[in-house]
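Residue numbers (the working numbering): 4 to 973. All residues carry an ideal CB built from backbone N, CA and C; glycine is no exception. Treat the numbers as computed from the prediction; the structure is a model and nothing was measured.
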Amino acid sequence: MRNTDPFADLIRSIEENLQRGGDWSPPDDDGQPERRPQGGRPNPLWWLLIIPFLFLILYNSIVGFLTDLTWHSSLNFESILWTRVLASLGLFVAGFVLTFLFLLVNYWIVRRIEPFGLVSTPVEQFADASGVRIPVAALAIFGFFSLLMGLNVAGEWPQLLLFLNQSDFGLADPVFGRDVSFYVFTLPVLTIVRGWLQSVLIAALLMVVVVSGVGWRGWQIRTGVLLHLGVLGALFLSLLALGYQIDAANLVYSERGAVFGAGYTDVNAQIPAYNLLTIVTLVTAALLLVTVYVRRAWRAIVVVIVVWIGVAVVAGSLYPSFVQRFQVSPNELTLERPFIEHNIRFTRLAYSLDEIVVENYDASQRLTPTALLEEPETIRNIRLWDYRPLLETYNQVQALRQYYAFNDVDVDRYLIDGTRRQVMLSARELVADRLTTEAQTWVNRKLVYTHGYGVAMSPVERVTADGLPEFYLRDLPPVGDLTITEPHIYFGELTNDYVIGRTNMEEFHYPQGDGNVTTRFSADTGIDMTFWNRVLFAMRFGDINLVLNQDITSESQLLWRRNIVERVRLLAPFLVFDRDPYIVVGEDGRMYWFIDAYVTSDRFPYSEPYLNRFNYIRNSVKVVINAYDGVPNFYVFEPNEPITAAYMRIFPALFQPMEAMPDFLMRHIRYPTDIFSVQAEMYRMYHMTNVLDFYNREDVWAWPEEIFYNKSQLIEPYYVLMQTSGSELLDFIQILPFTPANRENMISWLAAHSDPERYGEKLLYSFGKDTLFFGPKQIEARINQDPIISAQLALWNQQGSSVLRGNLLVIPIGDSLLYVEPLYLQAQTGRIPELKRVILATAERTVMAENLGLALVQLFGRDLVTRAGLIDLAVSPPSDIVFDVDGEPLPISDAPALQTPVATIDLSGASIDQLIIAANNHYNAAQNFLREGNWAGYGAEMDALEATLSQLVQITGGIPAEATPTVGPD
4 MRNTDPFADL IRSIEENLQR GGDWSPPDDD GQPERRPQGG RPNPLWWLLI IPFLFLILYN
64 SIVGFLTDLT WHSSLNFESI LWTRVLASLG LFVAGFVLTF LFLLVNYWIV RRIEPFGLVS
124 TPVEQFADAS GVRIPVAALA IFGFFSLLMG LNVAGEWPQL LLFLNQSDFG LADPVFGRDV
184 SFYVFTLPVL TIVRGWLQSV LIAALLMVVV VSGVGWRGWQ IRTGVLLHLG VLGALFLSLL
244 ALGYQIDAAN LVYSERGAVF GAGYTDVNAQ IPAYNLLTIV TLVTAALLLV TVYVRRAWRA
304 IVVVIVVWIG VAVVAGSLYP SFVQRFQVSP NELTLERPFI EHNIRFTRLA YSLDEIVVEN
364 YDASQRLTPT ALLEEPETIR NIRLWDYRPL LETYNQVQAL RQYYAFNDVD VDRYLIDGTR
424 RQVMLSAREL VADRLTTEAQ TWVNRKLVYT HGYGVAMSPV ERVTADGLPE FYLRDLPPVG
484 DLTITEPHIY FGELTNDYVI GRTNMEEFHY PQGDGNVTTR FSADTGIDMT FWNRVLFAMR
544 FGDINLVLNQ DITSESQLLW RRNIVERVRL LAPFLVFDRD PYIVVGEDGR MYWFIDAYVT
604 SDRFPYSEPY LNRFNYIRNS VKVVINAYDG VPNFYVFEPN EPITAAYMRI FPALFQPMEA
664 MPDFLMRHIR YPTDIFSVQA EMYRMYHMTN VLDFYNREDV WAWPEEIFYN KSQLIEPYYV
724 LMQTSGSELL DFIQILPFTP ANRENMISWL AAHSDPERYG EKLLYSFGKD TLFFGPKQIE
784 ARINQDPIIS AQLALWNQQG SSVLRGNLLV IPIGDSLLYV EPLYLQAQTG RIPELKRVIL
844 ATAERTVMAE NLGLALVQLF GRDLVTRAGL IDLAVSPPSD IVFDVDGEPL PISDAPALQT
904 PVATIDLSGA SIDQLIIAAN NHYNAAQNFL REGNWAGYGA EMDALEATLS QLVQITGGIP
964 AEATPTVGPD
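Structure below.
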C-alpha cells in the first residue's frame, strides 16, 4: 500500500535530494504546468472605501498632535513632546523599515532561487481570480505586517530611552553579579528586541515556505531553498537560546522558593537546565546549517531535537520540581537561608526600609504631669478635626454659594502670629455644573464662571461652643490671619473643563452683597486665541462656539487641561503621582498646589512586590503648580537616584533642582502618605532581619483598627506637629502605630519627618515585647465600656441624632501615650457634623469633655493645665457664623451685627464644666458688645455672667480659682 504520510514523504524527499547531491529542477517547458492568464486590472473603486477611513484616522491624529503641541508650547515644554514623539516615531520607523526590508530581501531571495514556486498553487489561483498581481499583494502584506510591528515597538520608547541614559545602582545581584541597572534598564530591552525578532523571523519562515512552493506539489526542495530555510531556522533557534538566558536572568523574580527571588532550586537546578538547553539549541542551529551540505546530517538533527525535547521536559521542568519537592521542602530553612537573606536585604533597599532608625521607647504606662509641662505645644497641636466631617462642615459653612465646592481637606503647618500651628485647609473651587439650569449657558461656563476663590483654613484643635471649627482664613474675600493677594483658582482638582480668560466678557470673581465682583485673567500662560488656534481647538473640542463667539479676541487665553493631576500626568506620564494633592498659601500671597511624584519599577531583583504593582519606589520629585496661571515646576529631591537621573537626561527642560524651590514653599513640603503607607505595609514583615524570625513569621505586625463613623476600619497614617527625641522644636511628622498580628496591644509606631531640615528621616519607636501598651482597638473597647460615655452616646442616639466617632489618634507624650478621639453629632435633619465631645484616654483613665482643654482639666486639674499654658483650650467661644433665613451661612462681611445677648443655659441643671464654658462665653460676648457700643447687649451679658457665677458658687461652695473666667482680648 502506498504510504500517504506527508511527513514521511517530506523526509524521503529531502534524503533523495541530498543523495543525488544536486538541485531539484522543475520540468522542462513542455512539462511545465499551464500558466493561467492573468485576470483584468483590479477595480480602482475599492480604494474609495479606504480613503474616508484613512482620512478620519489622520484627521484625529493631526488635530490631536497640533493641539498638544500648542498646549506644550504655551508652557514652554514643547521639547518634552518632541522628545516623546520623535522617540516613538523613530522606533516605529525603525520597526517598520527593518521588518519590511527583511521580508522583502527574503522574498527576493526565494523568488530568485525558486521562481516557479507558486505556479499552479492556491495562491496563484486566488491571485488570478481577484485580479491582483502576486508581487503587489506580497508588498501589501509586508507593509501591513511591518506596520503592526512598527506600532508594537513604538510604544516601548520610555524603556529604550531609559536604556540609552542608564546609570549604575552601585548594587550587584548575588546570583549573577550584575548591577541592578542591568535588570531595570537592559533586560527589558533585550526581552523586547528578542520578541520582535522572533515575530519577524516566524513571518519570514512562513513566507519562504509559501513562496517556494514547499508542500504544494510534494516535498522536493532545491538546495538553495533548503539553505535559505536553514539560515532562518538557525537564527530562530539562536533567539530561542537567547531566550533561555533571559529566562535564567528573570529567575531573580522567581516565586518558586520560600521568598520572592531566585531560591535554591532556581540556582542549583533551573539555571543549569537553562544553560544546557542553550547549548543544545545552539548545536541544533549549527546542525541545521550543516544539513544542507552534509549527507544524512538530518538524522543528527532529529536526534538533537529529541534530546532538546528531553532536556526541556526533564531538566527544564521535572528535575527542578523533583529538587524542590524532595530536597528543598524537607530542608527549606537550611537550604533557603542565604536566599531569604537576599530577599530581606534587597526588599529593604528597594523601599528605603534600611533607612529607618530603630529606637527603644522605654516608656511607662502613666502619663505624668511633667510630660504635660514639658510638651505643651504637642498637646496644643493635637488634631481634633477629622478631614471627612470637616469637609462636610466646610461645604456647609464656607462654600457660601451653590457653585462653590471643597474637594478635600489637607493638613499642613503655618506660622500664625509668629507661632507654628498645625492647620487644616481646603481650596474653594468653582464647579460650573452646580450653576442653576438657567445659568448653564456656554458663555457662563466658558467665559464668566472661570475660577474658584480662596481657601478656608482652621486650627486643628479649636472648636466653638456650637461644635464648629474656628477659622484662620474664611469667607469671600478671604479674611483672617494670613494674607492672600491672588486668591483666584483657575487650576485645581475640580477644574475639569476648559475656560477662556481675558475676553471682552468680565469674569465672575466672587459675590458681594447684592452684586458680584468681576476680574480678568492677566497671565500669559494660556493658549493665545488667534484665529488659527480658534479653528484648531474648535475641531479638537467639536465646539463651533470658539469660532463664532465675538467676545473672544486674539488677546484671549484658552486655559486647557486645568485639572492639576491630569496636567502633570500629560507632561510626565512616566511618573506615578500621589493621590492627595494639597494647597499651600504662600508668603507671597499666591496659592500653590503640591503633588508628590514617584519613580517605580517592577524589575528590582529579589525585592518583594507591593500588591503586584511594583517592587521599587522613590519619592524623588515634587511638583508645584501655581493655582492662578497653572505653571508646573518639577523639583528633583533625589538627583542621584538612577531612574530619576535617567529621566533628567532624557527631559532636561522638565526638571529643576530642589535648590530652585523658594524657601517659603520648601517649608511646606510633606512626606507623602502614599509612600509612607507602602513602606509601613512592607515594614510589617521586613522589620525582621533575622532569617529564623522571618521564616517562622514570629514577629509579624499588623495595622491597628479603629472605630470610625461607627464602623471598624484600619487606622490611616496621620500628620502631627510634636516634639521628638533629640529635638527641642516642633517637628511635622507622619506617624502610624503597629500592633502584633492577631493581637490588639501596641508594639511600636513609625514616624517620617516632613520638615526640610530632617526631610525623609524615618524613626521606629519600639515598645519591646515585654511592655504592654493599649492598642487603638483596646482603647475603643474601653470607651464603649465607660458608663458615662456609653450613657451619653445612647442618649444622643435616642434623641434622633447620629453620633459619629472620629479618628482615634495615638500621640506620644513624654514616656507614655495619649489617646484622643473626637465625637461628632449630626442631627437626622441636619447636614453639619458638630464636634461635641473630646475623649482622652491614658493607661489609667478615660475622660470625656466638651473640648480638649476641659478634657485636660479632668485628667490633670485646672492648675496644671494653666501652668502648661493650655487653659485657653478650655474656652469654646461662640461661633460667629451667621445663617440666613434659608439656613445658609453668611460671610462676615454680609452678616448683621450681633444685637441680642447670647442664649443662656438652664443653670439649675448645668454641670461645673458647663458653667465655666457659659461664664467665659458671656464674658467674651459682653466685651464684643462693649467694643460695638451696644450697651443693652453688654448689660444683658454681664447680668447673665453674674447669674452663672452665682450658680457656680452654690455648686462648689465657694469661688474656686479654676472657675474664674479667662479674660478675652480687648
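Would you tell me roughly how many angstroms separate the C-alpha atoms of Val588 and Phe540, rounded to the nearest one?
Taking the Cα positions, Val588 is about 33 angstroms away from Phe540.
Short Cβ contact (7 angstroms threshold) for Pro191 with Gln162
yes
According to DSSP, which residues form a beta bridge with Tyr601?
Val579
For a quick check, are the C-beta atoms of Phe99 and Gly153 less than 7 angstroms apart?
Yes.
What are the boundary residues of the beta strand (DSSP E) that includes Trp706?
Taken as a continuous stretch (DSSP letters only), Trp706 belongs to no beta strand (DSSP E), as it is neither H nor E.
Which whole runs of the alpha helix (DSSP H) in the stretch 448-533 are 4 residues long or more, in chain order?
none
Residues in its own chain within less than 7 angstroms of Asn748 by CB, not counting five upstream and five downstream?
Thr742, Leu775, Phe776, Phe777, Gly778 and Gln781
Straight-line gap, Trp388 to Leu811 (C-alpha atoms, nearest Å):
Looking at the two C-alpha atoms, the distance is approximately 11 angstroms.
Bridge partners - Tyr585, DSSP secondary structure assignment
For Tyr585, which the question treats as bridged, DSSP gives the partners Phe597.
Round the Cβ separation of Met725 and Thr381 to the nearest angstrom and send it over; I've been treating them as touching at under 8 angstroms.
4 angstroms
So if DSSP puts Arg840 in a beta bridge, which residue, or which two residues, is it bridged to?
Leu826
For the candidate residues Arg870, Thr845 and Asp875, whose alpha-carbon lies nearest to that of Thr862?
For the record, residue 862 in the displayed sequence is Leu; it is not Thr. Out of Arg870, Thr845 and Asp875, Thr845 has the C-alpha closest to the C-alpha of Leu862.
For Asn346, count neighbouring Cβ atoms within 10 angstroms of its own Cβ and tell me buried if that reaches 16, exposed if not.
It is buried - the Cβ of Asn346 has at least 16 other Cβ atoms within 10 Å.
What are the boundary residues of the beta strand (DSSP E) that Glu362 is part of?
Residues Ile359 to Asn363.
For Arg181, the three-state DSSP class (helix, strand or coil)
It is coil, neither helix nor strand.
At the level of alpha carbons, what is the spacing between Thr73 and Asn79?
Their backbone Cα atoms lie some 10 angstroms apart in a straight line.
Here's the rule: buried if 16 or more other CB atoms are within 10 angstroms of the residue's CB, otherwise exposed. What is Arg523?
exposed
Give me the Cβ distance between Ala1040 and Ile920, rounded to the nearest whole Å; I'm assuming they're in contact under 8 angstroms.
It is not possible to answer for residue 1040, since the shown part of the chain is limited to 4 through 973.
Just list the beta strand (DSSP E) runs in the stretch 705-754, keeping only unbroken ones of 3 residues or longer that don't cross its boundaries, in chain order.
708-711, 714-717, 721-725 and 734-743
Exposed or buried, Ile555, counting other C-beta atoms within 10 Å across all chains shown (16 or more means buried)?
Ile555 is classed as buried because its beta carbon has at least 16 other beta carbons within 10 Å across all chains shown.
Nearest-angstrom Cβ-Cβ length linking Asp599 and Pro675, presumed shorter than 8 angstroms:
4 angstroms
Using only alpha-carbon positions, find the residue among Leu394, Val414 and Tyr417 that is nearest to Tyr407.
Of Leu394, Val414 and Tyr417, the smallest CA-CA separation from Tyr407 is found for Leu394.
For the beta strand (DSSP E) containing Ala244, name the first residue and the last one.
If you look at Ala244, you'll find it isn't in any beta strand (DSSP E); it sits in the alpha helix (DSSP H) that goes Thr226 to Ala252.
Helix, strand or coil for Lys780 per DSSP?
helix
Integer Cβ distance of Ser241 from Ala318, believed to fall under 8 angstroms:
So it is not a contact: roughly 20 angstroms between Cβ atoms.
What alpha helix (DSSP H) runs, 4 residues minimum, are completely inside the stretch 650-694?
Those alpha helix (DSSP H) runs which fall completely within the stretch 650-694 and span 4+ residues are 666-669 and 676-689.
DSSP three-state call for Tyr638: helix, strand or coil?
Assigned with DSSP and collapsed to three states, Tyr638 falls in strand.
Which whole runs of the alpha helix (DSSP H) in the stretch 139-219 are 4 residues long or more, in chain order?
As far as the stretch 139-219 is concerned, its whole alpha helix (DSSP H) runs of at least 4 residues are 160-167 and 190-215.
According to DSSP, simplified to helix, strand and coil, what is Ser623?
strand
Roughly how many whole angstroms lie between the Cα atoms of Leu952 and Glu377?
33 angstroms
So the alpha helix (DSSP H) Asp866 belongs to, where does it begin and stop?
Arg865 to Arg870
Cβ of Met851 within 7 angstroms of Cβ of Ile792?
yes
Residue from Glu496, Asn507, Met508 and Arg302 with nearest C-alpha to Arg565:
Nearest to Arg565 by alpha-carbon distance, out of Glu496, Asn507, Met508 and Arg302, is Glu496.
Would a C-beta distance cut-off of 7 angstroms place Pro379 and Ala871 closer than the cut-off?
yes
Can you tell me whether Ala826 is buried or exposed? The criterion is at least 16 other CB atoms within 10 Å of its CB, across all chains shown.
Rather than Ala, the amino acid found at residue 826 in this sequence is Leu. For Leu826, the number of other beta carbons within 10 angstroms of its own is at least 16, and it is reported as buried.
Where the beta strand (DSSP E) through Tyr417 begins and ends:
Asp413 to Ile419
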